[in-house]
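As they're listed, the protein sequences go chains A and B.
So for the first sequence, this note's numbering puts the first residue at 1493; every next one is plus one.
So for the second sequence, this note's numbering puts the first residue at 1493; every next one is plus one.
Note that beta-carbon positions come from the ideal geometry of N, C-alpha and C, so glycine has one too.
Number of protein chains: 2
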Amino acid sequence: MAPDPRLAATPEPPYWVVLFTSRRTPADPEGYEKMGEAMAELAAKQPGYLGIESTRDAEGVGITLSYWASEQAIHDWKRVSAHTEAQRRGHAGWYEDFVLRVAKVERAYTKATSPRAGL
Amino acid sequence: MAPDPRLAATPEPPYWVVLFTSRRTPADPEGYEKMGEAMAELAAKQPGYLGIESTRDAEGVGITLSYWASEQAIHDWKRVSAHTEAQRRGHAGWYEDFVLRVAKVERAYTKATSPRAGL
């Protein structure tokens, strides 16, 4: 089976993840989408970037998971100037609400490597 | 602003998170939805449960984040028998593909607590 391009092919743990859960305002869908694509492209060029998974439902609730080799890589990405500007616009108008969490991934399984019929 | 019910009101870190990213098959939407609701209700009764965030887009790609007070709580929830059966059915027919990761949350910010205009 070909790998699903929407699921990140991350290496063996440990690695880091930024969990961003948000609800969009109805404002500026085109500007938001364009910025999202630009940020995904820019993130992929950052040192320590391992992959991204993102989805948003019809109610405007979305989760984006970005995977990183180290805490330092997350720290550096947060401070990239184009990203800082995207954060500012997100805070000011695009997001009704959000939670951002930083976590260290300790274990991982895929459907293929799952040790038994259950997860 | 009233808290958004789709965003989990988790305590101060550290705590744990199970990240489940999946793509659904077109199979059995009613059975899947019913099981999802039953599992969310059952998880909420488990010791150490802190909250859940979940979203799925029109392409069938979804992310579910469940938050837990400890690794032991995750371990125990994985082995609850109704949940084991749900895992078996997910593996057998509901999911085209999935990745499950277990991570320790080290830091968290909300829109309200975000230290500056950027995240």
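First through last residue of the alpha helix (DSSP H) which encompasses residue 1580 of chain B:
1573-1581
Can you give me the start and stop residues for the beta strand (DSSP E) that residue 1508 of chain B sits inside?
1507-1516
Taking Cβ positions, are residue 1513 of chain B and residue 1597 of chain B nearer each other than 8 Å?
no
Proximity test, Cβ basis, 8 Å: residue 1611 of chain B and chain A
Because residue 1611 of chain B carries a pLDDT of 48, less than 50, the predicted location of this residue cannot be relied on, and no value is offered for it.
Excluding the five sequence neighbours on either side, which residues of its own chain have a C-beta within less than 6 Å of the C-beta of residue 1538 of chain B, listed in chain order?
The answer, listed in chain order, is 1569.
So which of B:1503, B:1498, B:1494, B:1497 has the shortest CA-CA distance to residue 1601 of chain B?
Per the C-alpha coordinates, the member of B:1503, B:1498, B:1494, B:1497 positioned closest to residue 1601 of chain B is B:1503.
Residue from B:1562, B:1564, B:1548, B:1560 whose Cα sits closest to the Cα of residue 1517 of chain B
Just measuring C-alpha positions, the residue of B:1562, B:1564, B:1548, B:1560 sitting nearest residue 1517 of chain B is B:1548.
Could you check whether residue 1543 of chain B and residue 1501 of chain B sit closer than 8 Å to each other, using their CB atoms as the reference points?
yes
Output the residue ranges of the beta strand (DSSP E) runs that lie fully inside the segment 1544-1571 of chain B and measure 3 residues or longer, sorted by chain position.
1553-1560
Buried or exposed: where does residue 1526 of chain A fall if 16 or more other Cβ atoms within 10 Å of its Cβ makes it buried?
When all chains shown are included, residue 1526 of chain A counts as exposed.
Got a sec: which bits of the segment 1571-1587 of chain B sit with their beta carbon under 8 Å from any beta carbon on chain A, in order along the chain?
1576, 1579, 1580, 1582, 1583, 1584, 1587
Burial state of residue 1573 of chain B, where buried means 16 or more other Cβ atoms lie within 10 Å
exposed
Beta-carbon of residue 1554 of chain B versus every beta-carbon of chain A: anything under 8 Å?
yes
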